[in-house]
Each structure stands twice: as structure tokens, then as C-alpha cells.
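Residues 1 to 368 in full-length UniProt numbering are what the sequence shown spells out, letter by letter. Ideal Cβ positions, reconstructed from N, Cα and C, are used throughout, including at glycine.
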Amino acid sequence: MIVKLLLASARFLVGGLFVFSGLIKVNDPVGTSIKMQEYFDVFATDISPLFAHLKALSLPIAVLLVVLEVALGVMVLTGWKIKTGIYLLLGMILFFTFLTFYSAYFDKVTDCGCFGDAIKLTPWESFYKDLVLLALILLLLAFRKRLPEGRFLLGKWMTIGSLLVSLLLAVLAIRNLPFIDFRAFKEGVSIPEAMQPSANLEYRYLMRKDGETVIFDQYPDDERYEFVEMQLKNPEALPKISDFAIWNDAGDHTEEMLTGKKVLLLSHQISKIDLSIGQMEQISALINTFQGTDVQVVLVAASSEDEMETFLSDHGLKLGYYMADATVVKTIIRSNPGIVFLEEGRVLGKFHFRNTPDPETAKAYFAP
Numbered sequence: 001m002i003v004k005l006l007l008a009s010a011r012f013l014v015g016g017l018f019v020f021s022g023l024i025k026v027n028d029p030v031g032t033s034i035k036m037q038e039y040f041d042v043f044a045t046d047i048s049p050l051f052a053h054l055k056a057l058s059l060p061i062a063v064l065l066v067v068l069e070v071a072l073g074v075m076v077l078t079g080w081k082i083k084t085g086i087y088l089l090l091g092m093i094l095f096f097t098f099l100t101f102y103s104a105y106f107d108k109v110t111d112c113g114c115f116g117d118a119i120k121l122t123p124w125e126s127f128y129k130d131l132v133l134l135a136l137i138l139l140l141l142a143f144r145k146r147l148p149e150g151r152f153l154l155g156k157w158m159t160i161g162s163l164l165v166s167l168l169l170a171v172l173a174i175r176n177l178p179f180i181d182f183r184a185f186k187e188g189v190s191i192p193e194a195m196q197p198s199a200n201l202e203y204r205y206l207m208r209k210d211g212e213t214v215i216f217d218q219y220p221d222d223e224r225y226e227f228v229e230m231q232l233k234n235p236e237a238l239p240k241i242s243d244f245a246i247w248n249d250a251g252d253h254t255e256e257m258l259t260g261k262k263v264l265l266l267s268h269q270i271s272k273i274d275l276s277i278g279q280m281e282q283i284s285a286l287i288n289t290f291q292g293t294d295v296q297v298v299l300v301a302a303s304s305e306d307e308m309e310t311f312l313s314d315h316g317l318k319l320g321y322y323m324a325d326a327t328v329v330k331t332i333i334r335s336n337p338g339i340v341f342l343e344e345g346r347v348l349g350k351f352h353f354r355n356t357p358d359p360e361t362a363k364a365y366f367a368p
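Okay, here's the thing in C-alpha cells:
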């Protein structure tokens, strides 16, 4: 009876967590692919240059992983082909455990992206979570002969259905934007406010005296104490946004971009922009909508000024152009290019280039 209860609990935890994790990442497969690229960069440097070639395949690899997470989780929950599902989950969790251990031990990738941007875990928290999952999967594997097989047709079609639905959602999220935006730049966020601490930052000081470490809330006046480390007591008060910056060769323009009414045409890499004639016409119409108004339309890209000048010239666009960090641009919008409406630094709307708003819709964002 106890074993039966343990197995049922393990099935529920393992299957449920994989479905939950997979669905969160299905919501934003581009974000998962960005995380995969970070790992491939690290492995290309630390293990083999061959990993660099996998960066080009990061998006299909990400889609495959997240769709499999959901489908395998459903297999375990329904019991259909459960032994096959457990073996596949074992391979997947061993892979994830290696990634999270490597990140934690060597301090390489500070966020594994296990739950996308919805739930942030430190590398060590991610590793311990994977160890627990590994233990539960090994438990299921050890008692696999005692696991009940689910109803064949129900489990089969639920698994196939979850796989197809997850794949469809992933494709829609790639071709548009994530259905739910968990990032710091989501609609409604005031970027200037998010760049400030939510409370006064409090620190404690680790000092050493006579071989003993002592903690002080204020820096001691006694010079006999040797400084060891300063630690933040309330990290939850840190700014939600700490890396937003826009500049050009003339200087920093971050504050300027966070005042007034702005439409940002964002690109994490100008050379990778691939627009059809119709899509370019929609963007041109949007830009022309605000000509002669108090709304400033600018190009912000993680590319050189020469590249931006060439892009604007090739498409007959007359815009101011500025530079930004590629990672920040990718965080703001999962589209290349993407469109963001700002008023006094508050995010009013975000659009994939495939969904460029028509002039009337665009004007409505700045209506009094």
C-alpha cells in the first residue's frame, strides 16, 4: 500500500512538473532557444568548438524539447506507454541535470530557464530541483513492473493531442509573441520605475577578527576587523530592470527614450531582418502615421550605425537610430524587428512585425 501511494505520488509530481514546465516554455520557445544558445556558447568555449554550430539549430531544438516535455509528462500521468515514457524522461532529466550542475558549479549560465521567465531559479536551486526529479524518476524505474498501464485509447490520444497542441502553440508563439509575457518589459510596466529599487537596499558586512567571522549590520569602526564581504540583505528590492540603455556615437540617450511618446522599431541584429514586401509596407505606413506629430519613431538595434544607416536607406526610411545591447533587445521583444509603444517610459503595446498595427490602431495608443 505504501509503495503504491509513493508511486502514485511520484507519477503525479513528475508528470505534472514536466507538463507545467513544458507549457511555460511552449509559451515562449524563442526564449528557450536563446537560453540554449547561451549553453552552446559556453560549451563551445569549454568543451568543443563543435557546439557553436548548434546555435543555428537552437530554435528547432528548443521546440523539440518543450513539446517532448509536455507529451512525456502526459504519458506518465495517463499511464500510456508509461515505461517508455519513464526511460525517455530519464534521458531528459540526466541531460538537464548535467546542464544545471555545469551552470552552478562553474558559474556559467546564471538562469537555466527551467520555467522560462515565469519562475526564476538560481543555478543551484535548479540543480537540486533536477536531483529530486531524478530520484523520483529512478523510483518509478525501479518499480516499473508495478506501475499500472492507463487505458490505451484515452492515454494514446491524450498524449498525441498534447504533442500536437503544444507544437501548434509553439509555432504560434514563434510567429507572433508569447501568449503571456512574464518578462520585466511586459505591457503596463513603467521602465523608469522598474529601474529603481522597490525599497532601500540593506547590506550586512562580514568581517574577520582573530580567525572568526562576524556579521555586522553597520560597518564597524574598530580597525582590528578585516573586511571579508558585503552582502545584500533584501535582494528582492533590487531593480527589476538593470541593463536598459540606449546610445549612439554622440552619447547616452536612455533618459531621452523614456520621456515623451515613442515608437521603437527594435532589432537584435539588423543583418538577420527578413521582411516581405507587404510587411515592410505595413511598417512604413506605421512610421508615416506619426510624421509631423509629437510621437517620435526611432530605430534601436544591436548593430553598428553603418548597418542601421544602410538598412534605413535600402527601405527608404528616415528615422533616428540608436544602439542597444542584443540581450536586452531580445528580452524586450521576441521579434526581429519588433515594435514597442512607449509613453513616458511606460510600455503601452508590443507587436511582432507580422502583426504591425494599422495606422488607426497605432494612433489609439496615444489618444488623450
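In this structure, G31 and G73 do not form a Cβ contact; the two beta carbons are roughly 20 Å apart against a cut-off of 8 Å. By the criterion of at least three beta-carbon pairs nearer than 8 Å, the stretch 89-106 is not in contact with the stretch 157-165.
It is roughly 9 Å from the alpha-carbon of D252 to the alpha-carbon of Y322. Counting along the chain, M92 sits inside the alpha helix (DSSP H) bounded by residues 82-106. Residue pairing for F290: DSSP places it in no beta bridge. By the criterion of at least three beta-carbon pairs nearer than 8 Å, the stretch 198-210 is in contact with the stretch 220-233. Residues P359, A362, K363 of the same chain have their beta carbon placed closer than 8 Å to that of T289, with the five preceding and five following residues left out of the count. The three-state reading of DSSP puts D252 in strand, counting E and B together. Under a 10 Å Cβ-count criterion, S271 is classified as exposed, with fewer than 16 other Cβ atoms of the shown protein chains found around its own Cβ. Taking the C-beta atoms as reference points, A184 is found nearer than 8 Å to A194. By alpha-carbon distance to V340, the top candidate from A250, Y39, A71, I283 is I283.
With fewer than 16 other CB atoms across the displayed protein chains lying within 10 angstroms of its CB, P368 is exposed. Where R346 is concerned, the enclosing beta strand (DSSP E) starts and stops at 346-352. Shown here, E187 sits in coil according to DSSP, grouped into three states, outside any helix or strand. For T213, the uninterrupted beta strand (DSSP E) run begins and ends at 212-216, by DSSP. Straight-line measurement puts the Cα of Y105 at about 27 Å from the Cα of V214.
For R11, the enclosing alpha helix (DSSP H) stretches over residues 2-26. Annotation: F12 to P197 spans about 39 Å, alpha carbon to alpha carbon. Beta-carbon to beta-carbon, R204 and K240 are separated by about 23 Å, too far to satisfy the 8 Å threshold. Contact between G79 and P148 is confirmed by a C-beta separation of about 6 Å, below the 8 Å threshold.
Residue range 29-46 is occupied by the alpha helix (DSSP H) that includes Q37. Only exposed fits P60, as fewer than 16 other CB atoms lie within 10 angstroms of its CB. Under the three-state reduction of DSSP, K262 is assigned to strand.
In the three-state reduction of the DSSP assignment, E343 falls in the strand class. The three-state secondary structure of R146, taken from DSSP, is helix. Around the beta carbon of Q218, fewer than 16 other beta carbons sit within 10 angstroms, so the residue counts as exposed. Contact check for E344 against T259 passes: the beta carbons are separated by less than 8 Å. Between V295 and L319, the CB-CB gap reaches or exceeds 8 Å.
Non-local C-beta neighbours of Y365 in its own chain, meaning closer than 6 Å and more than five positions away in sequence, comprise F341, L348, G349, ordered along the chain. Taking C-alpha positions only, G338 is separated from I47 by approximately 35 Å. For R146, same chain residues with a beta-carbon under 8 Å away, outside a window of 5 residues either side, are V3, K4, L7 in chain order.
CA-CA distance, M257 to S267, rounds to 16 Å. Annotation: A250 to V300 spans about 15 Å, alpha carbon to alpha carbon. Pairing F18 with L89 gives a Cβ-Cβ distance under 8 Å. Within 10 angstroms of the beta-carbon of T100 lie 16 or more other beta-carbons, which makes it buried.
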